[in-house]
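Protein chains in written order, with full-length UniProt numbering: chain S, 1 to 211; chain B, 1 to 211.
The structure appears right after this line, and notes come after that.
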DNA sequence: AGATGAAGTGGACTATAGTCCGTTTATGTG
DNA sequence: CACATAAACGGACTATAGTCCACTTCATCT
């Protein structure tokens with residue numbers, strides 16, 4: 001995956017590689033990669049030690065030995081940092097959905113896959129509640145802008161279209177995901193305990209898993 | 001409703017009136033009432049003129065001719081101020097639910113009342129989207145702490161218990177209200193337009209209005 | 001009316017998110 | 001290797017939410 005030029009001299013400004021011409025994102029510079037790793041490590045440690053809400057961005061920058069500007073340039077804002085930390089676990093779940101065993105993965109009827117997804121998602125959610133809350137609620141609408149959200153929505157929309165032909169699957173998927181918001185599940189679990197909270201959401205979704 | 005003492009001398013510290021002994025909240029002092037009115041008027045004007053997000057609390061305090069401390073003492077935070085401004089319209093809807101004509105008010109079957117509620121609530125929501133967003137999203141979990149939210153939840157829970165005997169109505173009501181969050185409806189309407197957004201939420205709730 | 005203390009007031013102060021921009025550094029070129 | 005350029009850096013700076021507390025005002029009691 002090297003950056004070799006092909007053919008003779010080309011009429012491009014010096015410094016522009018084939019990669020940029022082909023539309024690929026530029027490779028991350030070495031110092032940038034190093035700093036990203038330092039920040040993620042420091043953030044993970046601080047969040048674990050002190051709790052997500054009690055760690056300021058200044059503290060993360062200081063602990064990572066990095067300037068504040070760097071921190072924000074790379075992760076956008078606090079919710080972006082949280083989202084970056086969640087990335088790995090997210091990919092795991094996404095992998096299981098795309099190519100794992102049924103009923104979460106392909107092969108089972110849409111209705112069953114839907115409840116399997118909700119169960120798996122709630123496992124993920126309750127395993128990382130603090131980070132998820134941070135990534136979803138730091139700014140209005142943040143939840144819907146995260147890349148992972150699009151994935152969940154698309155998955156649910158596809159299943160809905162299969163389970164209930166003729167329904168308006170895309171916005172319905174959006175609406176079905178609403179109760180899975182970290183903030184909502186936090187309140188629900190605080191009020192009724194995790195078990196009843198899970199069951200309520202399951203019941204809600206179940207109503208739409210069958211015809 | 002005066003504050004006359006009954007009977008002879010009583011062994012209470014001076015300054016403690018019958019009202020406080022009876023557990024009623026103390027009456028608001030005249031200057032406090034004056035300032036509350038000034039703040040609400042100034043906030044309503046500024047929010048209307050400049051948009052909710054572009055008005056700082058300092059600006060509200062200055063426009064109201066009131067100190068910052070007063071502003072926060074009275075309304076808690078920005079979301080509290082927004083909630084106070086919504087109060088009147090909320091009461092209207094609450095009144096219609098409690099004693100208005102069916103199907104929103106009492107008299108219709110629970111399922112019909114449920115969809116009537118969703119429709120009416122969405123009217124209210126889209127009529128005050130900015131304020132509602134502010135009151136719900138300024139801090140995590142804010143939505144669930146607002147007094148009005150408890151009302152909506154209780155109403156929905158009662159209807160659910162009637163429409164689907166045996167279901168775990170309280171947490172289910174919570175979950176059914178999740179898609180009605182201002183932040184969620186904003187995203188939904190931005191993506192698909194208000195009409196489809198409304199229809200999707202209606203469809204979701206409808207699935208639980210019948211047995 | 002005068003005294004009294006609880007309630008209310010206002011603005012200086014703190015904490016923190018996020019921006020800006022002059023400086024530094026990595027990378028590819030000749 | 002020396003150079004040019006774009007990317008990355010970092011910390012001073014701004015904006016804003018929310019706290020704190022010394023001082024003032026109101027309502028009530030005598």
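Ideal Cβ positions, reconstructed from N, Cα and C, are used throughout, including at glycine.
Only a predicted model underlies this, so the values are computations on that prediction, with no experimental measurement involved.
With three or more beta-carbon pairs closer than 8 Å as the criterion, would you say the stretch 32-51 of chain B touches the stretch 62-81 of chain B?
yes
In chain B, which residues lie with their C-beta within 8 Å of the C-beta of residue 199 (chain S)?
168, 171
Given a cut-off of 8 Å on the beta-carbon distance, is the pair residue 174 (chain S) and residue 200 (chain B) in contact?
Going by C-beta atoms, residue 174 (chain S) is nearer than 8 Å to residue 200 (chain B).
Any beta strand (DSSP E) of 3 or more consecutive residues that is wholly inside the stretch 163-197 of chain S
None, since the stretch 163-197 of chain S contains no complete beta strand (DSSP E) of that length.
Residue 115 (chain B) CB to nearest chain S CB: under 8 Å?
no
Counting C-beta neighbours from all protein chains within 10 Å, is the total for residue 187 (chain S) 16 or more, i.e. buried, or is it exposed?
buried
If residue 215 (chain S) and residue 136 (chain S) are in contact, beta carbons under 8 Å, what's the gap, nearest whole angstrom?
As displayed, chain S neither begins before 1 nor continues past 211, which places residue 215 (chain S) out of reach and without an answer.
DSSP puts residue 106 (chain S) in a beta bridge; with which residues?
S:108
What is the DSSP secondary structure of residue 155 (chain S), reduced to helix, strand or coil?
In the three-state reduction of the DSSP assignment, residue 155 (chain S) falls in the helix class, which pools H, G and I.
Which class does residue 99 (chain B) belong to by DSSP, given the choice of helix, strand or coil?
helix
Residue range of the alpha helix (DSSP H) that includes residue 130 (chain S)
129-137
Using the Cα positions of residue 80 (chain S) and residue 46 (chain S), report the straight-line distance between them to the nearest angstrom.
16 Å
Selection of the stretch 112-146 of chain B by Cβ proximity to chain S, strictly under 7 Å
133, 137, 140, 141, 144
Is any beta-carbon of chain B found at less than 8 Å from that of residue 86 (chain S)?
no
Going by the beta-carbon positions, is the gap between residue 70 (chain S) and residue 202 (chain S) smaller than 8 Å?
Not closer than 8 Å, so no.
Contacting positions in the stretch 147-158 of chain S - beta carbon closer than 9 Å to chain B:
none
Measuring only the C-alpha atoms, how far is residue 161 (chain S) from residue 170 (chain S)?
9 Å
Do residue 105 (chain S) and residue 97 (chain S) count as a contact pair if the criterion is CB distance below 8 Å?
yes
Pull up the distance between the alpha-carbon of residue 27 (chain B) and that of residue 72 (chain B), whole angstroms please.
Near 19 Å, if we compare the C-alpha coordinates of residue 72 (chain B) and residue 27 (chain B).
Reduced DSSP secondary structure (H/G/I, E/B, other) of residue 28 (chain S):
coil
Which residues in chain B have a C-beta closer than 9 Å to the C-beta of residue 81 (chain S)? List them in chain order.
Correct list: empty, because the minimum Cβ distance to chain B is about 16 Å.
Neighbouring residues, chain S, relative to residue 181 (chain B) (Cβ below 7 Å):
178
With H, G and I counted as helix, E and B as strand and the rest as coil, what does DSSP make of residue 52 (chain S)?
helix
Using three-state DSSP, classify residue 119 (chain S) as helix, strand or coil.
helix
Integer Cβ distance of residue 125 (chain B) from residue 185 (chain B), believed to fall under 8 Å:
6 Å
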